[in-house]
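Peer 1:
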Amino acid sequence: MTIATRHQVQRMKPIEFENGAVQIDAAIVAEGLGLTLSLLQEEMRAGRVTSLAERGLDTDRGRHRLSFFSEHRRFRVVVDETGAILQRSAVDFGEEPLPRSARKTG
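Shown next, in the form of structure tokens:
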């Protein structure tokens with residue numbers, strides 16, 4: 092999964108699929124994690140923001156769940172095969188670190 096930079100965002104939909112990879116507008120992720128765009132990019136480069144992409148099976152076929160993790164927050168987006176956002180959710184643990192259970196799939 093890649094996060095598009097600002098100059099790429101101007102030419103793409105919020106979420107696109109290309110050659111098996113998912114690209115998402117970085118502004119969506121930054122907002123979901125409660126970060127500025129520049130801080131998101133810095134945290135990703137440092138490995139402090141990570142992500143997980145899951146592809147739906149059976150009744151969820153055609154859907155994708157994209158999860159993003161920072162030190163204290165998890166942000167998830169569920170999208171359909173066209174990249175349309177179906178659901179957004181965020182869990183914020185305040186000053187507490189994100190527990191391991193919040194990083195699991197499912």
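Numbered by the numbering used here, the letters in the sequence shown go through residues 92 to 197 in order.
Idealized CB from N, CA, C, for every residue including glycine.
Please read all numbers here as calculations on a predicted model, not as lab measurements.
Could you have a look at D171 and say whether DSSP puts it in helix, strand or coil?
Peer 2: The residue you call residue 171 lines up with position 80 of the sequence shown. It is coil, neither helix nor strand.
Peer 1: Taking C-alpha atoms, which residue in V182, G185, L130, T173 lies nearest to E109?
Peer 2: Position 18 of the sequence shown, counting from 1, holds the residue named residue 109. Measuring from the Cα of E109, the nearest candidate turns out to be T173.
Peer 1: Going residue by residue through the region 132-181, where are the continuous alpha helix (DSSP H) segments of at least 4 residues, counting only ones entirely within it?
Peer 2: Within the region 132-181, no complete alpha helix (DSSP H) run reaches 4 residues.
Peer 1: With a threshold of 8 Å, are at least 3 pairs of Cβ atoms found where one atom belongs to the region 181-196 and the other to the region 110-121?
Peer 2: Output reads no: the region 110-121 does not touch the region 181-196.
Peer 1: Can you grab the Cα-Cα spacing for the pair I106 / D171, in whole Å?
Peer 2: Position 15 of the sequence shown, counting from 1, holds the residue named residue 106. Position 80 of the sequence shown, counting from 1, holds the residue named residue 171. For I106 and D171, the distance between alpha carbons rounds to 10 Å.
Peer 1: Out of curiosity, what's the CA-to-CA distance linking S180 and V168?
Peer 2: Start at 1 with the first residue of the sequence shown, and residue 180 comes out as number 89. Start at 1 with the first residue of the sequence shown, and residue 168 comes out as number 77. C-alpha separation (whole angstroms): 7 Å.
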